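Residue numbers (the numbering used here): 169 to 400. Accompanying notes for the structure given below.
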Amino acid sequence: MQLDLKTKDVSVWLVKFPPFLSKILENCKDEAEIGTIEIIKPDENSATAQLKIEINTVDVDFTVQWNEMKQIMYVLKGSVSESETESSKKDLRLEGRVSKEVFIAPQFNDKYIKFKQNIEPQKKAVVKVIDQSTKIRPERHTTISEMEAIARRRKKMLQQNKRERLERTEVMDIIFGAFEVQEQWTIRDLAEYSGQPVAYISEILQEIGELNKGDFRGSWSLKDEYRSRKQE
């Protein structure tokens, strides 16, 4: 196997997209232009350059953060397998050396909320049939001890099935969905509902929620700018 090293010193940026954007970009054709990154030169009062990104495929605003790459990493184009012919193995080449690691994340504003609403499947209406029959049917009465046993089993099941820390955008979607079910949540209840750490939920609620007072003291509700998700 021969490896083309002519472009091994070319500077390459490794860009990491949020999961929902990665799925969209998977359907783009090879070599397609998906957006632009603008490098804003620093002024006299700024020590580092800034990046501004615009993605053509979605109407969402993004934030960009980047770091200098500390470890040595190269981009290799092509693939090798035992079934390939000798001629195809010679097509491998180094595209360049990764110099920067770029992280792209959506801004949680009205544009992002509307975008998520458009791609989420419409919820089907639930039809509840009420039996107006006057027949007396037996009812099951649960004792306090049985209820406590059920609660213990449910808590144990939640602990066993506790998920690892998800991407911030995924957790945001879960939280928005929770507030569509009810308007007030405690941090601990939201943590159980989402299967995420309490500290992680608290961090997100500081951004999109507000702590209630009065009758609902200790619970959280969405800020006004995020409540439009439920009304639209």
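Each residue gets a CB set at the ideal place from its N, CA and C atoms; glycine is no exception. Predicted, not measured: the structure shown is a model, and the values here were computed from it.
Exclusion of the five residues before and after ILE287 leaves PHE188 as the residues of its chain whose Cβ lies within less than 8 Å of its Cβ. Note that the C-beta distance between ILE342 and SER370 is not below 7 Å. With a cut-off of 8 Å on Cβ pairs, the segment 189–203 is not in contact with the segment 232–248, counting fewer than three such pairs.
Between the alpha carbons of ASN224 and TRP388 lies a distance of about 36 Å. Ranking ASP177, LEU334, GLY203 by CA distance to the CA of VAL183 puts GLY203 first. By the 16-neighbour rule on beta-carbons within 10 angstroms, ILE272 is buried. Burial state of ILE372 is buried, judged by a 10 Å Cβ sphere holding 16 or more other Cβ atoms. Of the residues assessed, GLN233 falls on the exposed side of the cut-off, its CB having fewer than 16 other CB atoms within 10 angstroms.
Bounds of the alpha helix (DSSP H) holding LYS284 are 278–287. The C-beta distance from VAL180 to VAL266 rounds to 5 Å, short enough to fall under 8 Å. Taken in chain order, the complete alpha helix (DSSP H) segments of 4 residues or longer contained in the segment 339–391 are 355–362, 366–376. GLY386 and ARG261 have their C-alpha atoms some 59 Å from each other.
Only residues of its own chain outside the window of five on either side were considered, and among them VAL366 have a CB closer than 8 Å to the CB of ARG356, listed in chain order.
In its chain, beyond the 5 residues on either side, VAL339 have a beta carbon closer than 6 Å to the beta carbon of GLN364.
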